[in-house]
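Novice:
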Amino acid sequence: MEAILKRFGRKVRTLRQEQGLSQEELAHKAGLHYTYIGSVERGEANLTLRNIERIANALGVKLPELFSFAITKEKTPKSLLRVKRQLFNLIKDEDLETSRDIIKVVKCVLS
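At position 5 of the sequence shown (counting the first as 1) the number is 64 in this note's numbering, and the numbers step up by one without a gap.
#1: What separation, rounded to the nearest whole angstrom, lies between the Cα atoms of LYS51 and PHE126?
#2: Going by C-alpha distance, which of ALA117, GLN145, VAL99, ASP154 is nearest GLY79?
#3: For LYS88, I'd like the list of residues in its chain whose CB is within less than 6 Å of its CB, leaving aside the five on either flank, ordered along the chain.
#4: Can you tell me whether DSSP reads PHE126 as helix, strand or coil?
#5: Given that a residue counts as buried once 16 or more other Cβ atoms are within 10 Å of its Cβ, and exposed if not, what is PHE67?
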């Protein structure tokens with residue numbers, strides 16, 4: 060269930076950003092709170108059908124477009140798989156604390 064929430068949230072964020080809207084602007088158009096839009100985009104909110112419809116209307120898209128991520132299977136590029144393997148090989152022989160530190164550093168670099 061969590062994976063679909065994250066994919067849905069990424070889709071909402073992509074559509075919002077393509078339209079040049081802030082989370083606050085989208086929330087206002089949808090009649091929702093901006094913190095709720097943020098939680099949707101992070102995949103934390105388990106949305107109701109009413110709120111999905113509100114977001115679709117505010118973005119000016121039909122409901123199926125919000126779920127288009129489920130229609131086409133996303134392939135992971137081979138280069139990304141190679142990087143993931145390299146990261147795994149880097150931490151697999153480390154102790155738990157060192158592994159966590161490495162992951163923290165990677166997260167900092169990515170954000």
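All C-beta atoms in this analysis are idealised placements derived from N, C-alpha and C, irrespective of residue type, glycine included.
Specialist: In terms of the structure at hand:
#1: The shown model of the chain, from 60 to 170, leaves out residue 51, and the question about it has no answer.
#2: Start at 1 with the first residue of the sequence shown, and residue 79 comes out as number 20. The shortest C-alpha separation from GLY79 is found at ALA117.
#3: Stepping through the sequence shown from its first residue, residue 88 is reached at position 29. Apart from the 5 residues on each side of it in sequence, LYS88 sits with its Cβ closer than 6 Å to the Cβ of ALA117 in its chain, given in chain order.
#4: Position 67 of the sequence shown holds residue 126. DSSP places PHE126 in coil when its eight states are reduced to three.
#5: As a position in the sequence shown, residue 67 is number 8, starting the count at 1. Result: buried.
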